[in-house]
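All remarks here apply to the structure that follows.
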Amino acid sequence: MASVLGQFLRRSGTLVRTSCTTQARVASGLLHIQQHSSSSSSSSSMVEESTTPPESGRMSKSMLAYQQRAEAHDKFMVEQVAEYEIGRRHLANMMGEDPETFTQEDINAAIQYLLPSGLFEPSARPSMKHPSEVFIKKKAAEFDASGRPFHTFFYTGYPAFYEALHELGKTMISLEQFANKMARLKVESETSQAFNPGGTEWRSKGELSKMFLEELHNKHYVFFIQSMNRLLEHPYSSRAEDFIMRFRKVVLSRQSKEEIPKLLYTAEGVPYMTGSGKRKHAEATVTVYGRGSGKIEINEQDIRFFELIQDREQVVFPLQFTNLLGKVDLVANVTGAGLSSSAGAIRLATSLALQSFVDEHMREKMRLAGLLSKDFRIKERKKPGQKGARAKFTWKKR
Amino acid sequence: MMAPSARRAVLLLRGLVRRDGCVAALGQRCVSIEAAQAPPPRPEAPRTALTSPVQHTAEQHGLWYTLRPSVVQQLFQYGIPKQYMTQCRTFAETCLMVRQPALTLMDYIRRSDLSLPPNKFLLYGRNGCGKTLSLIHTTHFLADAGWLLIHLPWAPRWRRNFKEVTPSSTIEGQYNHPLDAVMWLQHFKTQNADLLKSLQLVTQERYTWSRREITEPDAPLGELVDVGISRARYSTDCVLALTSELKRHATEGRCKVAVVVDGINTFYSPVSRYRCEDKTMLDPKFFTLFQAFKQLFRSDWKNGVVVGSVDALANEGQRRESHLPRYLLRKQGWEALDPFVPIPVEDYNDLEMRSAIDYYLDRHWLQNPQAGSDIGRRELAALSAHNPYLLMHVCRPL
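Okay, here's the thing in structure tokens:
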């Protein structure tokens, strides 16, 4: 274990805080890691073994208190879960649904219906979540009755974190050995054996902290990510995909999820597509007709509906970007007050309609240009005690 | 912290890194593929060498003809709109595009039977389409074709931007414009100086201005004009006298008289800025100058032509919703001017738009390298809604 650690240290070239454990102790500790590693890194596991005093018959007060606290927490969680279940069944009854098949989504919908809230902040609205999501997860008992910690790295203060680093080191070494073997046998693969990081990204510091149930510092996180990146750069890193994916989350692009609607055709065979968009309080519905001559109609007027050149540019931008200006006709209907917001709504609606006219490459470019995203900015609320959303009343020194 | 490969991927995705690895400057936004190609060579403005509109035919449609500086000074001290004049000074030349409404007008004037009561041709169209400049073109044609010009550059000046209005001492209940009439007489003199000398028209009545100032019959008309210019007090009556004399001369066949009025519908508007002694706003029909011109709109003379424009901006603010003649002229204007030939003035068609942009490029007014490209032209056309005035506005910051 120490040799593995030493090798890792040499390779990484930085100092890692090591636990001051002896070899013999470490050997026995390993067994405990294997047994309890899952329990320490997973959520609210209950300590099933009852607290028995050691052979000597004495247990320190702090130890006792600690174990009592752990037991109390577990008992508390059991009660909360039971209450939650009862509540869930009651809610299902209220809504006239089958209690057996009442899922969390149904609960959310029911609460939204029964207790509608106009509050802006989602976390301030009423909700009913499972206790495991509401209450902070705590680690199970980290040492036994005699005070001996289960985890080898307990005295580092961040056992799960350092365990992950050790596993990283081991993985690195095994990959190196594999690479050497391949080189010796002169085996070269045509396809790259490196891990493909596409579509995934590293978990954030908060997510890792939650996973390890340890409050990581920035320096821990930075070091961890640097080390993991070095692992990714290894030519055979795809062999360690399972290990890597524990610390990466999949980032799905919305594009791949949503289907682009196919073009519709009028009676004369002219292709067209409708799109709708919103911006602040303006709502626009736009129909784009193919095989056109560049006519733009907004609420039965031409583009002179907008007097500002900025608003006209907003309307024209999607067509100019996709190079369809002068080749398609645009018929827009917009409601809601505000000219600038109307222009933004028309722009979004036009872009969404144009998706059906262009190929995937252009669609990706449109997405990157921000044409397909709704502008979520709205007028900020005025706060009491202030003149406006941000402006304060005049400050008088005395 | 992103791995170098991840960072490069991000940069590639954002289009900031070209294939050879150079990083483009920050702030360079995504542009369409066409716009990224090399700009086309600068085109020449499509011009015609014919400087006299008498020679213009349908072949010159869309071409730019240059007005000689002497012509501009003589005829158009007051005629050309201010913004267009500023542009001409910037370009160091006064050019006009030969467009269909002017060609139609000139053709009709050529074919008019002058032995019949005068034909009335009224241009109408939306704001910024080119009514005034078509009138300018036609006025130049009339001057070159030997017509005597009674030219009112912008009629609403007498109704709402007059310098001074005084009650008339000669005609009961009517009001004079001393200073405005002087300015107009000077303008008339400059325009028609040569023609008055060559035609040798004389007064046919005796005009008693005061006990000592009398204009005898058989005095040259130039003298009548000089009286009005030198004595502001009698200038309005002088204008009335002049118009009556010219009408009589035309009927008797000694000259052909063209009446050109920009904003003819202002004569039939009931709103003026002058407050009478009894605190009411004066109806413009009591202006002597208006009377002088209205007599020319009647069909009781010969060898004449009335050319005008019906402009929404010539009406008061509340009566500008439509650009159509019947709405703008009101009932009394329609009855006074009917029958007339309405000539629509429309936005640029594709040929004219191309010609206009070529002219701006020729004058080095459009500095953006993509302005002359296909996508650039389409963008200019879309943003300006093919309107000449709006095109001028859109091109200003380019």
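Chains as they are written, first to last, in the numbering used here: chain A, 1 to 398; chain B, 399 to 796. Think of the CB as a built atom: it goes at the ideal place given N, C-alpha and C, for glycine as much as any other residue. Owing to the predicted nature of the structure, the values given are computational and were not obtained by experimental measurement.
Under three-state DSSP, which class holds residue i?
i        : result
B/Tyr476 : coil
B/Pro574 : One point to set straight first is that residue 574 of chain B is Asn, not Pro, in the sequence displayed. In the structure shown, B/Asn574 sits in a strand (DSSP, three-state: E or B).
B/Thr564 : strand
B/Cys493 : strand
A/Asn333 : strand
B/Arg629 : coil
A/Glu380 : coil
A/Ile298 : strand
B/Phe684 : helix
B/Tyr605 : strand
A/Val328 : coil
A/Val251 : coil
B/Ile612 : strand
A/Phe427 : No answer is possible for residue 427 of chain A: the residues shown for chain A start at 1 and end at 398.
A/Phe357 : coil
B/Ala780 : helix
A/Ala82  : helix
B/Pro618 : strand
A/Ala389 : coil
B/Thr641 : helix
Mind checking whether residue i and residue j have CB atoms under 9 Å apart?
i        : j        : result
B/Gly706 : B/Gly661 : yes
B/Leu749 : B/Cys653 : no
B/Thr488 : B/Trp462 : no
B/Gly774 : B/Arg440 : no
B/Phe738 : B/Lys529 : no
B/Glu777 : A/Gln301 : no
B/Leu531 : B/Tyr482 : yes
B/His549 : B/Glu562 : no
A/Ala145 : A/Gln80  : no
B/Leu788 : B/Gly526 : yes
Taking 9 Å as the CB-CB limit, is residue i close to chain B?
i        : result
A/Ile378 : no
A/Ile136 : no
A/Gln193 : no
A/Arg312 : yes
A/Gln104 : no
A/Asn299 : no
A/Gly206 : no
A/Gly294 : yes
A/Gln355 : no
A/Ile244 : no
A/Ile346 : no
A/Gln320 : yes
A/Gly290 : no
A/Gly199 : no
A/Leu325 : yes
Give a yes or no on whether 9 Å exceeds the smallest Cβ distance from residue i to chain A.
i        : result
B/Ala783 : yes
B/Leu788 : yes
B/Val743 : no
B/Arg609 : no
B/Gly425 : Low local confidence applies: a pLDDT of 45 at B/Gly425 is under 50, so the model's placement there is unreliable, with the coordinate-based value given in what follows. False, the Cβ-Cβ gap to chain A never drops below 9 Å.
B/Arg555 : no
B/Cys420 : Reliability fails at B/Cys420, whose pLDDT of 46 lies under 50, so the model's placement of it is uncertain and no value is given.
B/Ile773 : yes
B/Arg776 : yes
B/Val792 : yes
B/Ala780 : yes
Using a C-beta cutoff of 9 Å, does residue i count as contacting chain C?
i        : result
A/Asp302 : No chain C appears in this structure, whose protein chains are A and B.
To which residues does DSSP link residue i through a beta bridge?
i        : result
B/Leu521 : B/Ser707 and B/Ile741
A/Thr274 : A/Thr287
B/Met679 : B/Arg673
B/Ala656 : B/Leu547 and B/Val703
A/Tyr265 : A/Pro271
B/Glu445 : First, the amino acid is wrong: residue 445 of chain B is Arg here, not Glu. B/Trp462.
A/Pro149 : A/Phe143
A/Arg312 : Answer by DSSP bridge pairing: none, since A/Arg312 is not bridged.
B/Ala734 : Per DSSP, none; premise fails for B/Ala734.
B/Val600 : B/Pro618
A/Arg279 : A/Ala282
Consider the C-beta atom of residue i and the heavy atoms of the ligand NAP; say whether any pair is separated by less than 8 Å.
i       : result
A/Phe76 : The ligand NAP is absent from the structure shown, which contains no ligands of any kind.
- Uninterrupted alpha helix (DSSP H) stretches inside the region 155-215 of chain A (no shorter than 4 residues): 159-184 and 205-212
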